[in-house]
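Residue numbers (this note's numbering): 21 to 93.
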Amino acid sequence: MVTVYSQPGCSSCEATKAYLVTNHVKFTDKNIREDAEGRREFDALGYQGTPVVVAGDEHWTGHDPVKLASLIS
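Here's what the structure looks like:
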């Protein structure tokens, strides 16, 4: 399962989600400004900026096409 923590107005968030959609990777988008539970999860990861991508035990911040490519099955 892939989760993307995002927020409105974040161009890197949009690029990350577009990459996943284009490459048919299923993911859950959690808007940290509108989803209180998602915000708590985001805060617990310790990141300051979005997007944050969580895939299994791995997580990172920022739009990273190389890491995203590893999610394509």
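Idealized CB from N, CA, C, for every residue including glycine.
Could you check what DSSP says for residue i in three-state terms: helix, strand or coil?
i, result
"Asp55", "coil"
"Tyr25", "strand"
"Asp63", "helix"
"Lys46", "coil"
"Thr81", "strand"
If you drop the 5 nearest sequence neighbours on each side, which residues of the same chain put their C-beta closer than 6 Å to that of residue i?
i, result
"Arg53", "Gln27"
"Ala56", "none"
Spatial neighbours of residue i within its chain, please: C-beta separation below 7 Å, excluding the five flanking residues on both sides.
i, result
"Phe47", "Val22, Thr23, Val24 and Leu40"
Which residue comes first and which comes last in the alpha helix (DSSP H) that contains residue i?
i, result
"Thr42", "Ser31 to Thr42"
"Val86", "Pro85 to Ala89"
Report, in whole angstroms, the separation of the C-beta atoms of residue i and residue j, which I expect to be a contact under 8 Å.
i, j, result
"Leu65", "His79", "6 Å"
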